[in-house]
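**Q**
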Amino acid sequence: MRSAALGAGAAVLAAGLAAGCGGDGDAPGGSGGPTPTATAPADPAAALEARAVPAGLADGVRLGRADAPLVIEMYADFGCPHCLEFTVNVEPRLVEEYVVTGKAALVYRFLPLRDLTAGPAIAAWCAAQQNRFWEYHNLLFAAQARAANGGRPSLGESFIYDGLRAMAERAGLDMAAWEACIGTSAPVDAIVADMTEASKLGINGTPTFVIDGTVYQNPGTWAEWQKVLAQAGR
């Protein structure tokens, strides 16, 4: 069964987990959801589900032109509240002002922190093989946002095989190809490679960003992001 294959892959990843979300030990889907800002949507889950991926800019886990002068790698976890806060409050503006304009490319790096989020990482990597990663990424964070505010299904229900499969269907994936992918070792190998690189860089919390080779802790607000981007020389 594909559910058993997903569980086996997740168990392999779980054996190597040692990081923390933002370094503070928050549980996945911690209460309250993302910290509200002046520009934050009233319903983060609905906003994420409705978010469109810029046409022609998705290439696997990369979003942005191949010749973008600035590359922003984000080490993240689909169950991390701080990653959700970035995805809701900062990522749209980063995409609009830097990615769509060709100034930067955004690359997702997998750093699942707990048993619960190893399966979603595998499922999302397989979505990336069909160039539907960003649609799937939005749905995974929407599930966290909904669960964080007491909605159903719970994060535990969303992040098991049946929930992940339902999101794959909603993201428009070729289901036969997606199910075949999660039954192989390829996603585990790729995610372990990201985790290994994170360890080499001294990254022990999410989200953490690598901009042109320099590691930055989560800048937080958009104003702080602008300072970081200026420091990066852009």
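Going by the numbering used here, the sequence shown opens with residue 1, and the numbers climb by one from there.
In this text, a Cβ means the ideal position worked out from N, Cα and C, and glycines have one as well.
Please read these numbers as outputs of a predicted model, since none were measured by experiment.
1) Run through DSSP, which three-state label would R51 get?
2) Could you please give the first and the last residue of the uninterrupted beta strand (DSSP E) stretch that includes A42?
3) For the segment 76–92 against the segment 199–211, are there 3 or more C-beta pairs whose distance is under 8 angstroms?
4) Assuming the contact rule is C-beta atoms closer than 8 angstroms, Y136 and A127 should be a hit. Round their C-beta distance to whole Å, please.
5) Alpha carbon to alpha carbon, what distance is there between L84 and A121?
6) Between which residues of its own chain and W178 is the CB-CB distance below 6 angstroms, once the five residues before and five after are set aside?
7) By the three-class DSSP mapping on this structure, what secondary structure does L139 have?
8) Can you check whether the CB of A68 is closer than 9 angstroms to the CB of A105?
9) What do you get for Q226, buried or exposed, if any count of 16 or more other CB atoms within 10 angstroms of its CB means buried?
10) First and last residue of the alpha helix (DSSP H) that includes I182?
11) Short check: CB of G202 to CB of V192, under 9 angstroms?
12) Taking a contact to mean a Cβ-Cβ separation below 9 angstroms, would you say A232 touches G151 in this structure?
13) Specify, as a first and last residue, the run of the beta strand (DSSP E) that A105 falls within.
14) Smallest Cα separation from Q130: which of Q217, P81, C181, E96?
15) Who are the near neighbours of R65 in its chain, counting only those whose CB is closer than 6 angstroms to its CB and skipping five residues on each side?
16) Mind reading off the beta-carbon distance from G156 to L6? Whole number of angstroms is fine, and I expect it under 8 angstroms.
17) From the DSSP secondary-structure annotation, give me the bridge partner or partners of M74.
18) Among all the DSSP beta bridges, which residues are the ones paired with V215?
19) Between the alpha carbons of P219 and Y98, how many angstroms are there, rounded?
20) Roughly how many whole angstroms lie between the Cα atoms of I72 and M175?
21) Could you check what DSSP says for R165 in three-state terms: helix, strand or coil?
**A** Walking through what the data contain:
1) Working through the sequence shown from its first residue, we reach residue 51 at position 51. The answer is coil: DSSP assigns R51 none of H, G, I, E or B.
2) The residue given as residue 42 occupies position 42 in the sequence shown. A42 -> no beta strand (DSSP E), and no H or E assigned at all.
3) yes
4) Locating residue 136 in the sequence shown gives position 136, counting from the first residue. Locating residue 127 in the sequence shown gives position 127, counting from the first residue. Contact holds; Cβ gap of about 4 angstroms.
5) Residue numbering aside, residue 121 sits at position 121 when the sequence shown is read from its first letter. Residue numbering aside, residue 84 sits at position 84 when the sequence shown is read from its first letter. Roughly 15 angstroms separates the two Cα atoms.
6) In the sequence shown, the residue the question calls residue 178 occupies position 178. Closer than 6 angstroms at the Cβ level, and outside the excluded window around W178, lie C126, A168.
7) Position 139 of the sequence shown, counting from 1, holds the residue named residue 139. The answer is helix: DSSP assigns L139 an H, G or I state.
8) As a position in the sequence shown, residue 105 is number 105, starting the count at 1. As a position in the sequence shown, residue 68 is number 68, starting the count at 1. For A105 and A68, yes; Cβs fall inside 9 angstroms.
9) Sequence index remark: in the sequence shown, residue 226 carries index 226 (1-based). Flag for Q226 reads exposed.
10) As a first step, residue 182 must be located in the sequence shown, where it is residue number 182. Its alpha helix (DSSP H) spans residues 175–182.
11) Within the sequence shown, the letter at position 202 stands for residue 202. Within the sequence shown, the letter at position 192 stands for residue 192. No, Cβ-Cβ distance for G202 and V192 is not below 9 angstroms.
12) One-based indexing of the sequence shown puts residue 232 at position 232. One-based indexing of the sequence shown puts residue 151 at position 151. Cβ distance not < 9 angstroms, so A232 and G151 don't count as in contact.
13) Reading the sequence shown from its first residue, position 105 is the one you call residue 105. Its beta strand (DSSP E) spans residues 104–110.
14) As a working note, residue 130 is residue 130 in the sequence shown. When each option's Cα is compared against that of Q130, the closest is C181.
15) The residue given as residue 65 occupies position 65 in the sequence shown. If we look at R65 and ignore the five residues flanking it on each side, its Cβ neighbours are G102.
16) Stepping through the sequence shown from its first residue, residue 156 is reached at position 156. Stepping through the sequence shown from its first residue, residue 6 is reached at position 6. Their Cβ separation, rounded to whole angstroms, is 14 angstroms, which puts G156 and L6 out of contact at 8 angstroms.
17) Translated into positions along the sequence shown, residue 74 becomes position 74. Answer is Y108, F209.
18) Taking the first residue of the sequence shown as position 1, residue 215 is located at position 215. V210, per the DSSP bridge assignment.
19) Residue numbering aside, residue 219 sits at position 219 when the sequence shown is read from its first letter. Residue numbering aside, residue 98 sits at position 98 when the sequence shown is read from its first letter. Taking the straight line joining both Cα atoms gives about 16 angstroms.
20) In the sequence shown, residue 72 corresponds to position 72, counting from 1. In the sequence shown, residue 175 corresponds to position 175, counting from 1. I72 and M175: Cα-Cα distance of roughly 30 angstroms.
21) Walking along the sequence shown from the start, residue 165 turns up at place 165. Three-state result, R165: helix.
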